[in-house]
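Asker: Below is the structure I would like to discuss, written out as structure tokens.
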Amino acid sequence: MKIFCVIPAFNEEKNIMAVASQVKSSVDTVVVVDDGSSDRTAESAIRAGAILVRHIINRGQGAALRTGAQYCLNHGADIIVHFDADGQFLTSDIERIAAPIKAGLAQVVFGSRFLNREHSLEMPIFKRCFIMPLAKAINKIFFNVNLTDPQSGFRAMSREAARKIDWKQDRMAHCSEIMFEVKRHNLKVKEIPIRVIYHNFGQSFFGGFKILKELFIAMLVN
Amino acid sequence: MLQQTIALIIIALILARLYWQKQKNYIGINEFLFWLIFWILAAVLIVSLKFLDRFVAGLGFSGSGIEVLLYLSVAVLFYFVFRLRLKLEKIEKDITKIVQNIALKDK
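In order, the protein sequences belong to chains A and B. Heads up: the first sequence runs through residues 1 to 222, numbered per my numbering. Heads up: the second sequence runs through residues 1001 to 1107, numbered per my numbering.
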């Protein structure tokens, strides 16, 4: 089975070389989507041996992942893994996240920061005790999505699932939208515990509100 | 009375400019008609303020006619801003499509 890993990157010249090089050993193809970076992200990605797909202007992580997924589908990927460029995910988790799809136990696998209590304690306390439970409740109440990690950016999907999941959000709201899409298409889902190394706080409280606003507008536009 | 006269003069100037813009083909026929009807309606409402006062009082509003007009215009402005936001969202999506097509071209 051909595993492709999509890494959206925006001004990540410091991290992308190390991340792409490490990921390369766990997958068949690494696709770095340079999302209109103004630094040397693209050059670093090529030097790391990744396939480079380049957005001429910044369109957001959701858009970059969509471009990457389209590239993977066009080039015969069987499993597509979404991975972050900032080095917060562990490459050793890639094999684990792809395993349930390989075994036919799931079509989509989400990495969860909450399945392992020891790992979840590493999350900033305000995020762990306030933002995440709130996001989880919103997902459950409004969208009937019941996953332990409401904003997981580390996920894997089978080719068939990737063809069905059609997220429209260009920016950060794509995380939630992918979960809704998985639910809508009734895809077989599994969660696995992952470890995240926090370099910064990540999604803030107001960032969460922005995601809600984007989802609301998307509902009206669609 | 003086206020009404000033308002009507301003509307007349706006209409003159609108006509000039149409003559120079700066705006299309639809836009011209929209603004023409809009400003004529505004002029009619200003001329008939007394009637408007009685009309809104009859409808049960406590404010005067001009106040109710102001409330209505704020509501209409909100609606236009909302429509603009939706249109902007669609344009954003179209830009993303173009960027993605360029990115994947020859790949």
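C-beta: ideal position from N, C-alpha, C; glycine also.
Are the C-beta atoms of residue 1099(B) and some chain A residue less than 8 Å apart?
Answerer: In the second sequence, the residue the question calls residue 1099(B) occupies position 99. Cβ-Cβ to chain A under 8 Å: yes for residue 1099(B).
Asker: Counting contacts by CB-CB distance shorter than 8 Å, is residue 1016(B) in contact with chain A?
Answerer: Within the second sequence, numbered from 1, the residue matching residue 1016(B) stands at position 16. With 8 Å as the cut-off, residue 1016(B) does not count as an interface residue toward chain A.
Asker: List the whole-angstrom C-beta distance separating residue 17(A) from residue 54(A), where the pair is believed to meet the contact cut-off of C-beta under 8 Å.
Answerer: Reading the first sequence from its first residue, position 17 is the one you call residue 17(A). Reading the first sequence from its first residue, position 54 is the one you call residue 54(A). At roughly 16 Å, the Cβ-Cβ gap does not stay under 8 Å, so residue 17(A) and residue 54(A) are not in contact.
Asker: On the CB-based measure, 16 or more other CB atoms within 10 Å of its CB, does residue 1090(B) come out buried or exposed?
Answerer: One-based indexing of the second sequence puts residue 1090(B) at position 90. Classification of residue 1090(B): exposed, given that the 10 Å Cβ count is below 16.
Asker: What are the residues in the region 1071–1087 of chain B lying within 8 Å of chain A by C-beta distance?
Answerer: Here the close residues are 1085 and 1086.
Asker: From the beta carbon of residue 71(A), is the nearest beta carbon of chain B less than 8 Å away?
Answerer: Residue 71(A) sits at position 71 when you count from the first residue of the first sequence. Answer yes: the Cβ-Cβ gap between residue 71(A) and chain B drops below 8 Å somewhere.
Asker: Would you mind telling me which residues of chain C sit closer than 9 Å to residue 1091(B), beta carbon to beta carbon, in chain order?
Answerer: Included in the structure are the protein chains A and B, with no chain C among them.
Asker: Any beta carbon of chain A sitting closer than 8 Å to that of residue 1105(B)?
Answerer: On the second sequence, position 105 is the one that residue 1105(B) refers to. Chain A contact via Cβ: absent.
Asker: Mapping the DSSP letters down to three states, classify residue 100(A) as helix, strand or coil.
Answerer: In the first sequence, the residue the question calls residue 100(A) occupies position 100. Reduced to three states, the DSSP call for residue 100(A) is helix.
Asker: Would you call the region 206–215 of chain A and the region 171–178 of chain A in contact, with 3 or more CB pairs under 8 Å?
Answerer: Touching, per the Cβ criterion.
Asker: Return yes when the Cβ of residue 20(A) is within less than 8 Å of the Cβ of residue 30(A), no when it is not.
Answerer: Residue numbering aside, residue 30(A) sits at position 30 when the first sequence is read from its first letter. Residue numbering aside, residue 20(A) sits at position 20 when the first sequence is read from its first letter. A contact, by the Cβ cut-off of 8 Å.
Asker: In the DSSP assignment, find the alpha helix (DSSP H) that holds residue 1053(B) and state where it starts and stops.
Answerer: Reading the second sequence from its first residue, position 53 is the one you call residue 1053(B). Per DSSP, residue 1053(B) belongs to the alpha helix (DSSP H) from 1049–1058.
Asker: Taking 8 Å as the threshold, find out whether the region 142–153 of chain A comes into contact with the region 183–190 of chain A through three or more Cβ pairs.
Answerer: Flag = yes, the region 142–153 of chain A and the region 183–190 of chain A touch.
Asker: Taking only three categories from DSSP, how would you classify residue 176(A)?
Answerer: Stepping through the first sequence from its first residue, residue 176(A) is reached at position 176. Looking at residue 176(A) - three-state DSSP - the assignment turns out to be helix.
Asker: Suppose the cutoff is 6 Å on Cβ atoms and the five residues either side in sequence are ignored; what does the same chain contact list for residue 13(A) look like?
Answerer: Taking the first residue of the first sequence as 1, we reach residue 13(A) at position 13. Closer than 6 Å at the Cβ level, and outside the excluded window around residue 13(A), lie 39, 40, 41 and 44.
Asker: If residue 93(A) sits next to residue 194(A), beta carbons under 8 Å apart, how far is it from one beta carbon to the other, in whole angstroms?
Answerer: Locating residue 93(A) in the first sequence gives position 93, counting from the first residue. Locating residue 194(A) in the first sequence gives position 194, counting from the first residue. Yes, residue 93(A) and residue 194(A) are in contact; Cβ-Cβ is about 5 Å, under 8 Å.
Asker: For residue 1096(B), name the three-state secondary structure that DSSP assigns.
Answerer: Within the second sequence, the letter at position 96 stands for residue 1096(B). Helix.
Asker: How about residue 228(A) and residue 218(A): do their beta carbons lie closer than 8 Å?
Answerer: Since the displayed chain A opens at 1 and closes at 222, residue 228(A) lies outside it and no answer follows.
Asker: Per DSSP, what kind of secondary structure is residue 1061(B) in: helix, strand or coil?
Answerer: On the second sequence, position 61 is the one that residue 1061(B) refers to. Coil at residue 1061(B), not helix or strand.
Asker: Using a Cβ-Cβ distance under 8 Å, would residue 1005(B) count as near chain A?
Answerer: On the second sequence, residue 1005(B) is found 5 positions in, with the first residue counted as 1. Closer than 8 Å: no.
Asker: Compute the distance between the beta-carbons of residue 107(A) and residue 172(A), then report whether it is under 8 Å.
Answerer: The count along the first sequence starts at 1 and reaches residue 107(A) at position 107. The count along the first sequence starts at 1 and reaches residue 172(A) at position 172. Taking 8 Å as the Cβ cut-off, residue 107(A) and residue 172(A) do not qualify as a contacting pair.
Asker: Figure out for me which residue from 76(A), 36(A), 49(A) and 207(A) has the closest Cα to the Cα of residue 60(A).
Answerer: What you label residue 60(A) is simply residue 60 of the first sequence in a count that begins at 1. For residue 60(A), the nearest C-alpha among the options comes from 36(A).
Asker: State yes or no: is the beta carbon of residue 54(A) nearer than 8 Å to at least one beta carbon in chain B?
Answerer: The sequence position of residue 54(A) within the first sequence is 54, counting from 1. Yes - at least one Cβ of chain B is within 8 Å of the one on residue 54(A).
Asker: With a CB to CB cut of under 6 Å and the five nearest residues on each side skipped, what residues in its chain are close to residue 87(A)?
Answerer: The residue given as residue 87(A) occupies position 87 in the first sequence. Hits under 6 Å: 15 and 19.
Asker: For residue 112(A), which three-state DSSP category applies?
Answerer: Start at 1 with the first residue of the first sequence, and residue 112(A) comes out as number 112. Residue 112(A) falls in the strand class under three-state DSSP.
Asker: Does DSSP classify residue 6(A) as helix, strand or coil?
Answerer: The residue labelled residue 6(A) in the question sits at position 6 within the first sequence. Three-state DSSP puts residue 6(A) in a strand.
Asker: Establish whether the CB of residue 1037(B) and some CB of chain A are separated by less than 8 Å.
Answerer: The residue labelled residue 1037(B) in the question sits at position 37 within the second sequence. Residue 1037(B) does not count as touching chain A.
Asker: Give the interface partners of residue 159(A) over in chain B, defined as CB-CB distance under 9 Å, in chain order.
Answerer: Within the first sequence, numbered from 1, the residue matching residue 159(A) stands at position 159. Under the 9 Å cutoff, chain B gives no residues; its nearest Cβ is about 17 Å from residue 159(A).
Asker: Please classify residue 199(A) as buried or exposed, where buried requires at least 16 other C-beta atoms within 10 Å of its C-beta.
Answerer: For the purposes of this step, residue 199(A) is identified with residue 199 of the first sequence, where counting begins at 1. Under this definition residue 199(A) is an exposed residue.
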